[in-house]
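S.K.:
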Amino acid sequence: MWYDKIIEADKVPDRILRKGIRKLLKQRLHDEHKGNVEDQQRHLMNLIAELKASPIAVNTADANEQHYEVPTEFYQYCLGKNLKYSSGYWKDGVTDIDTSEDDMLELSCQRAELVDGQHVLELGCGWGSLSLYMAAKFPRSTFKVVSNSRTQKIFIDNEANKRGITNLEVITADINVFDIDIKFDRVVSVEMFEHMRNYELLLGKVASFLKPEGKLWIHIFTHKEYAYKFEVIDDTDWMSKYFFTGGIMPSDDLMFYFNRDLVVEKHWHVSGTNYAKTSEAWLANMDKHKEQIMPLFHQTYGEDQAVKWWVYWRLFYMACAELWNYNNGNEWIVSHYLFQKTDKK
């Protein structure tokens, strides 16, 4: 687009960028609406058939590079104290990201029905926000947590050592090939399923990790009605190209179409405003620490690309904030699911 160079030079005010983002979101809703209920359901079933014919995940290396090629220090400047790279839970009166992180971590433990003494597996652990929280809260439980990033493993191991946590093991693995002989009481996952494709194969694999009465709890972002892939079709597909290659926006009901090995037992909605506030906090922290972040970008992206990527990351946080704040948080939301096994063996 003719205006890309102006944006990349950091010459466009935020209010103009946000207006453009909201316009693209409106266009996305228009594109995903197929005209009538019959065509809408046909479109969904075609997508489900495509997902069932896919590998468990695609473009895992691209997604890993897009978010984790920047040093961990960047996220330490932007995120809250737990380095939770997902939505917080902003109760009435909460004004700081650290409290919102703690409250969502606590809510996650409650909804996953965690109790002390369990064997727990976490898939897609990030920098260990939930891993470290669970391990400290339930000292008699054992936790094995999986990340496909070596740097994340190093970070979590160091944090566990600092905090005297001894019931936590970090495994570096690609979920496509990950396997483990141990049976678990719980498997938990926060914002990993959006990077997956074949939920039938994935849930079948998770079921094989669970004890007969074991359960899976997941936290994902969703659209209230539409499921769609993040694809690079034209210049407007900026998010797909730079931050979410191979990803999917699940619809809130999508998980109910993959209940062969695990079936949804409980299901919750969390208003998108929680993620909007989280994203705004990340953006504010980024702006607050520009002096510290720019040298990291010079090192990571090169002297001639640092300003462009400063703009891109700010745009990413702005896009997230506008997406989840759309329709007062009732359009794109956060969904929680608790699954149980269909075959209690």
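Residue numbers for the sequence shown follow our numbering, so the first one is 1 and each next one is one higher.
For each residue, glycine too, the CB sits at the ideal point set by N, CA and C.
Comparing alpha-carbon positions, which option in W332, N328, F339 and A319 lies nearest I16?
M.R.: Residue 16 sits at position 16 when you count from the first residue of the sequence shown. When each option's Cα is compared against that of I16, the closest is A319.
S.K.: Report the residue from H43, A53, A57 and E38 whose alpha carbon sits nearest the alpha carbon of H195.
M.R.: The residue labelled residue 195 in the question sits at position 195 within the sequence shown. Nearest of H43, A53, A57 and E38 to H195, Cα basis: A57.
S.K.: Leaving out five residues on either side along the sequence, give the residues of the same chain with a beta carbon under 6 Å from the beta carbon of W324.
M.R.: Looking up residue 324 in the sequence shown gives position 324. Closer than 6 Å at Cβ, skipping near neighbours: G272, Y275, A276 and W332.
S.K.: Alpha carbon to alpha carbon, how far is G80 from Y133?
M.R.: Start at 1 with the first residue of the sequence shown, and residue 80 comes out as number 80. Start at 1 with the first residue of the sequence shown, and residue 133 comes out as number 133. One C-alpha to the other measures close to 14 Å.
S.K.: Excluding sequence positions up to five away, which residues of its chain have a Cβ less than 8 Å from the Cβ of S279?
M.R.: Numbered from 1 along the sequence shown, position 279 holds the residue referred to as residue 279. Excluding residues within five positions, the ones whose Cβ falls inside 8 Å are Y317, M318, C320, A321 and W324.
S.K.: Does the Cβ of L219 have 16 or more other Cβ atoms within 10 Å, making it buried, or fewer, making it exposed?
M.R.: Your numbering for residue 219 matches position 219 in the sequence shown. According to the sequence displayed, residue 219 carries His and not Leu. Buried, by the Cβ-count rule.
S.K.: Note down the Cα distance separating A306 from H298, rounded to an integer number of angstroms.
M.R.: The residue labelled residue 306 in the question sits at position 306 within the sequence shown. The residue labelled residue 298 in the question sits at position 298 within the sequence shown. When rounded, the distance between both Cα atoms is 5 Å.
S.K.: Among all the DSSP beta bridges, which residues are the ones paired with I220?
M.R.: Locating residue 220 in the sequence shown gives position 220, counting from the first residue. Partner(s): S335.
S.K.: Return helix, strand or coil for S366, following the three-state DSSP convention.
M.R.: Nothing can be reported for residue 366: it is not among the residues displayed for the chain, which extend from 1 to 345.
S.K.: Pick helix, strand or coil for L262, following the three-state DSSP scheme.
M.R.: For the purposes of this step, residue 262 is taken as residue 262 along the sequence shown, with counting starting at 1. Looking at L262 - three-state DSSP - the assignment turns out to be strand.
S.K.: If you follow the beta strand (DSSP E) that I171 is part of, which residue opens it and which one closes it?
M.R.: Residue mapping note: residue 171 aligns to position 171 of the sequence shown, counting from 1. Here the beta strand (DSSP E) through I171 covers L168 to T172.
S.K.: Using DSSP with H/G/I as helix, E/B as strand and the rest coil, what is Y89?
M.R.: Counting from 1 along the sequence shown, the entry for residue 89 is found at position 89. Residue state, collapsed to three classes: coil.
S.K.: Just reading off the alpha helix (DSSP H) that T72 is part of, what are its end residues?
M.R.: Taking the first residue of the sequence shown as 1, we reach residue 72 at position 72. That run of the alpha helix (DSSP H) goes T72 to C78.
S.K.: Using the DSSP secondary-structure output, state which residues sit across from Y228 in a beta bridge.
M.R.: By one-based count along the sequence shown, residue 228 stands at place 228. According to DSSP, which records beta bridges pairwise, Y228 is partnered with M249.
S.K.: So does K224 have its beta carbon nearer than 8 Å to some heavy atom of the ligand GTP?
M.R.: Absence of the ligand GTP from the depicted structure is noted, as is the absence of any ligand whatsoever, leaving it without description.
S.K.: Have a look at G20 and I165 and give me their C-alpha separation to the nearest angstrom.
M.R.: Within the sequence shown, the letter at position 20 stands for residue 20. Within the sequence shown, the letter at position 165 stands for residue 165. Distance between the alpha carbons of G20 and I165: 46 Å.
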